[in-house]
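Enquirer: Numbering (the UniProt record's numbering), first residue to last: 1 to 183.
Sharing a structure here in structure tokens format.
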């Protein structure tokens, strides 16, 4: 995978999205997603096999948002027999998507997700999926993702699976809240 950088500006916020190392994701993963757990809790066994991305503000060497991407088929679970089978599609999964609370609501997470979607398309994936916290489902829905499967818990946090059909990226248009971004 090429070490590509995306620079985007929205609402006076310039963001540089680029590939980073696993170690560069851990502090933000921990502080945003699982602050009461030990730091080791946010390290994944498969981290060395993944692609990690960070969103950076100008003149900063620490990311304000991070996400990790893995080649992983959509799992087939009980209760999904009536749904379309996307598990044979070229799928990538993102995990540990975190944006620092001081920078949420500024479009930074959307820019990072758009960058990851474009990278998935470049890699030949047709589906991008994740385990989303139920509290974040509306945010993902506004960015074109749809829920599937049965909700479940990781510890005390409720999750559901969500996926995006990446073929829509070929049009060069991604929805963001009430705006349309042209790529």
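Where is the CB? At the ideal position from N, CA and C, for every residue including glycine.
Just so we're clear, the structure is a prediction, and the values are computed from it rather than from any experiment.
1. Looking at the strands, I want to know which residues DSSP matches up with residue 163.
2. Using three-state DSSP, classify residue 155 as helix, strand or coil.
3. Checking 8 Å against the spacing of the C-beta atoms, do residue 184 and residue 147 come in under that value?
4. Compute the Euclidean distance between the alpha carbons of residue 155 and residue 120, then round it to the nearest angstrom.
5. Measure the C-alpha to C-alpha separation of residue 94 and residue 60 and round it to an integer number of angstroms.
6. Please list the segments of the alpha helix (DSSP H) lying wholly inside the segment 38 to 83, counting only runs of 4 or more residues, in order along the chain.
7. Grab the span of the beta strand (DSSP E) containing residue 91 for me, first residue to last.
8. Alpha carbon to alpha carbon, how far is residue 132 from residue 42?
Expert: By the coordinates alone:
1. Per the DSSP secondary-structure output, residue 163 pairs in a beta bridge with 129 and 146.
2. coil
3. Any question about residue 184 goes unanswered here, given that the chain covers just 1 to 183.
4. Near 29 Å, if we compare the C-alpha coordinates of residue 120 and residue 155.
5. 24 Å
6. none
7. First-last of the beta strand (DSSP E) with residue 91: 91 to 99.
8. 15 Å
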